[in-house]
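Data block below; observations after.
In this note's numbering, the protein residues as written are 234 to 408.
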């Protein structure tokens, strides 16, 4: 089965990180794909400091599953877990990019501006993709850590909050 199909099956909850090969070179390439898709996203979104943002994201991508797996005594699952997280992240980032570009172009700049129905639909679509991504990360954690799905999703949400906080703390309001 192809890599993209397996990653898509993870995104649709019909596969888990254990369905990816234990292949450090593949994992490295998926981390690189995640980093490059993140860099493309931050550059196209006119982020103030795209490279530092992506470096912090990659640092957390490498560290969070390592720490969690170590705490659960499942260190041997790191390569496949990291591959699943990095690969699905790259897919979500590239899939989310068109929505973000349209939003950047079409949504009102001033706070409190009125949204037309198309803008409102776009906002809901973006929220749905974001929630889907969080649940997929939770799904990967559920399999890798052998924890309930809800706990996996809470860990995904905590990771997202930690990343936002870290970017804000390190890069300041320019981020």
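C-beta atoms are modelled at their ideal positions from N, C-alpha and C, and glycine is treated no differently.
Just so we're clear, the structure is a prediction, and the values are computed from it rather than from any experiment.
Close CB contacts of residue 246 within its chain, under the 7 Å cut and outside five residues either way in sequence, are with 372 (chain order). Here the region 379-388 does not lie against the region 344-358, with fewer than 3 beta-carbon pairs under 8 Å apart. Taking residue 367 as the centre and dropping the five residues before and after it, the same chain places the C-beta of 386, 389, 390, 393 closer than 7 Å to its C-beta, in chain order. A contact is defined here as three or more CB-CB pairs under 8 Å, and the region 288-308 fails this definition with respect to the region 328-339.
Secondary structure of residue 308 (DSSP, three-state): helix.
With respect to the 9 Å criterion, residue 320 and residue 266 are classified as neighbours on the basis of their beta carbons. The C-alpha of residue 397 is placed about 29 Å away from the C-alpha of residue 239.
Residue 370 and residue 347 have their alpha carbons spaced roughly 33 Å apart.
Taking residue 268 as reference, the option from 293, 365, 298, 301 with the minimal CA-CA separation is 293.
With at least 16 other beta carbons inside 10 angstroms of its own, residue 322 counts as buried. Sixteen is the threshold: since fewer than 16 other Cβ atoms of the shown chains lie within 10 Å of the Cβ of residue 344, the residue is exposed. Note on the region 318-390: whole alpha helix (DSSP H) runs with a minimum of 4 residues are 350-378, in chain order. Non-local beta-carbon contacts of residue 313 in its own chain, meaning distances under 7 Å to residues more than five positions away in sequence, involve 250, 251, 253, 255 in chain order.
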